[in-house]
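What follows is a short report on a single structure.
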Amino acid sequence: MSVRSRFVVFAAVVLVTVAGVGVAGLVTEQGATERPTVDQQQFQPSAIDAPTVDRGGAITYDDDGESKTVVIDVAHSNDVAEEDLEPVVSALTAGGHTVQYHESSDDFDSEPAARLNETLRGADALIVVDPGTRYTAEEAAGVSAFADAGGRVLFAAGPDSGGLGGLLGLLIGAQPTNGEFASVTSPVGIAYDTGYLYNMEEYENNYKSIYATPSSDSELTDGVDRVVFDSPTQVVADGQTLLTTLEGTEHSETREAGEYGVVARSGNAIAVGDPGFMSSQNYNRADNDVLLGNVLEFLVTGEKEAGVPEEPSTERDTVPQSGSSAPRVPGE
Numbered sequence: 017m018s019v020r021s022r023f024v025v026f027a028a029v030v031l032v033t034v035a036g037v038g039v040a041g042l043v044t045e046q047g048a049t050e051r052p053t054v055d056q057q058q059f060q061p062s063a064i065d066a067p068t069v070d071r072g073g074a075i076t077y078d079d080d081g082e083s084k085t086v087v088i089d090v091a092h093s094n095d096v097a098e099e100d101l102e103p104v105v106s107a108l109t110a111g112g113h114t115v116q117y118h119e120s121s122d123d124f125d126s127e128p129a130a131r132l133n134e135t136l137r138g139a140d141a142l143i144v145v146d147p148g149t150r151y152t153a154e155e156a157a158g159v160s161a162f163a164d165a166g167g168r169v170l171f172a173a174g175p176d177s178g179g180l181g182g183l184l185g186l187l188i189g190a191q192p193t194n195g196e197f198a199s200v201t202s203p204v205g206i207a208y209d210t211g212y213l214y215n216m217e218e219y220e221n222n223y224k225s226i227y228a229t230p231s232s233d234s235e236l237t238d239g240v241d242r243v244v245f246d247s248p249t250q251v252v253a254d255g256q257t258l259l260t261t262l263e264g265t266e267h268s269e270t271r272e273a274g275e276y277g278v279v280a281r282s283g284n285a286i287a288v289g290d291p292g293f294m295s296s297q298n299y300n301r302a303d304n305d306v307l308l309g310n311v312l313e314f315l316v317t318g319e320k321e322a323g324v325p326e327e328p329s330t331e332r333d334t335v336p337q338s339g340s341s342a343p344r345v346p347g348e
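What follows is the structure in structure tokens.
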């Protein structure tokens with residue numbers, strides 16, 4: 017038999033074998049394979065009556081009657097758009113407070129800490145959402161000094177923002193070696209875990225849309241019964257855990273079930289494990305609006321010392337870059 021003939025015979029055998037396997041996979045002694053069953057209700061096509069929570073409510077908060085300046089950092093490739101924070105900006109400006117965006121320079125910025133510190137010297141509160149680039153050591157020191165001087169800080173981020181140096185780094189006292197958020201949260205005693213949290217038993221629309229309830233009495237949890245977070249990440253602080261998930265919540269990486277902290281406070285800084293709770297789509301789910309009102313009240317009722325943070329000592333005296341600019345007010 018020639019080589020060509022042997023190849024044709026081999027190809028024919030392969031085709032017959034593959035066809036036989038395909039038929040065997042489709043036909044059993046009863047004529048068809050059994051479909052696997054899924055026990056979880058949320059995966060069943062008939063499960064159209066998923067639990068839902070009431071929507072409604074306006075964001076309200078008390079302040080000391082003094083107009084404050086709240087800065088939103090967008091200079092670190094933050095994964096947030098202006099429309100994502102529209103409820104926050106609207107509530108603050110309606111209360112007579114000023115909101116500014118701290119943006120990066122158009123040109124290569126060799127003095128980021130000097131620019132950030134200059135912005136913070138004129139601010140009373142800072143909001144940092146999901147940064148995509150690391151803070152320099154000088155920038156992180158400026159944020160820490162800002163909080164130590166009475167400035168209020170809100171950190172908000174979802175899964176995979178902690179990185180190495182997150183929970184482990186905080187527990188062992190190590191400096192962060194990775195993770196954009198850890199570079200700025202660790203100096204103030206806050207750490208974000210990696211992975212997300214879910215609950216297969218108690219949830220709102222699906223198992224990733226889960227409840228959290230107050231774990232301690234605080235002005236930040238006043239009036240809060242339960243909130244709804246979407247795939248939040250665990251946060252810990254060297255201060256107080258404010259809200260935890262329900263018993264039976266599982267971790268996406270360890271699969272361990274339990275209660276996990278998702279809102280925590282360390283001094284003048286608070287951390288939330290789901291930035292989406294502030295968005296137009298989510299701020300009025302369950303008691304999210306109450307929690308958000310408490311957070312805004314926290315931000316605008318601090319008393320920051322004047323002139324802090326100071327100019328970074330490691331910075332050189334240089335002429336300001338042409339691309340640098342003052343903080344931008346929303347809508348400009």
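Quick note on the numbering used here: the sequence shown kicks off at 17 and runs consecutively. By construction, the Cβ of each residue, glycine as well, lies at the ideal position given by its N, Cα and C atoms. Computed from a prediction, not measured in an experiment: that's the story for all the values here.
I need the DSSP call for residue i, collapsed to helix, strand or coil.
i: Pro147; result: coil
i: Val204; result: helix
i: Thr135; result: helix
i: Glu98; result: helix
i: Phe293; result: helix
i: Ala130; result: helix
i: Ala198; result: helix
i: Leu262; result: coil
i: Gly390; result: The displayed coordinates of the chain run from 17 to 348. Any statement about residue 390 would go beyond what the structure contains.
i: Ala141; result: strand
i: Gly255; result: coil
i: Gly323; result: coil
Quick one: using the 10 Å Cβ neighbour count with 16 as the cut-off for buried, is residue i buried or exposed?
i: Gly158; result: buried
i: Ala97; result: exposed
i: Asp241; result: exposed
i: Glu266; result: buried
i: Ala207; result: buried
i: Ala163; result: buried
i: Ala322; result: exposed
i: Met99; result: First, the residue type needs correcting, since residue 99 is Glu and not Met in the sequence shown. Answer is exposed; the Cβ neighbour count stays below 16.
i: Ser120; result: buried
i: Arg271; result: exposed
i: Glu269; result: exposed
Measure the Cβ-Cβ separation of residue i and residue j and say whether it is below 7 Å.
i: Gln250; j: Asp209; result: yes
i: Asp78; j: Glu313; result: yes
i: Leu273; j: Gly264; result: The question names Leu, but residue 273 in the sequence shown is Ala. The answer is yes: Cβ separation under 7 Å.
i: Gly73; j: Asp305; result: yes
i: Gly318; j: Gly111; result: no
i: Pro175; j: His92; result: no
i: Ala161; j: Pro203; result: no
i: Leu236; j: Asn298; result: no
i: Leu136; j: Pro325; result: yes
i: Val169; j: Leu142; result: yes
By the DSSP assignment, the alpha helix (DSSP H) with residue i in it spans what residues?
i: Leu312; result: Asn304 to Val316
i: Glu102; result: Glu102 to Ala110
i: Asp89; result: Segment Thr85 to Asp89 is the beta strand (DSSP E) holding Asp89; no alpha helix (DSSP H) there.
Over the uninterrupted beta strand (DSSP E) stretch that includes residue i, give me the two end residues.
i: Gly277; result: Gly277 to Ser282
i: Ser225; result: Ser225 to Pro230
i: Phe162; result: Where Phe162 is concerned, there is no enclosing beta strand (DSSP E), although the alpha helix (DSSP H) it sits in stretches over Ala153 to Asp164.
i: Ile75; result: Careful: Ile75 lies outside any beta strand (DSSP E) and carries neither H nor E.
i: His267; result: Thr265 to His267
i: Val244; result: Val243 to Asp246
i: Leu236; result: First-last for Leu236: undefined, no H or E at that position.
i: His118; result: Thr114 to His118
i: Val288; result: Ala285 to Val288
* How about the stretch 82 to 102 and the stretch 277 to 286: do they share at least three Cβ pairs that are nearer than 8 Å? -> Output reads no: the stretch 277 to 286 does not touch the stretch 82 to 102.
* Asked: Are the stretch 281 to 293 and the stretch 240 to 258 touching, with three or more C-beta to C-beta distances below 8 Å?
  -> Yes: the two stretches touch, three or more of their Cβ pairs being nearer than 8 Å.
* To do: Give a yes or no on contact between the stretch 252 to 261 and the stretch 222 to 230, applying the rule of three or more CB pairs nearer than 8 Å.
  => Touching, per the Cβ criterion.
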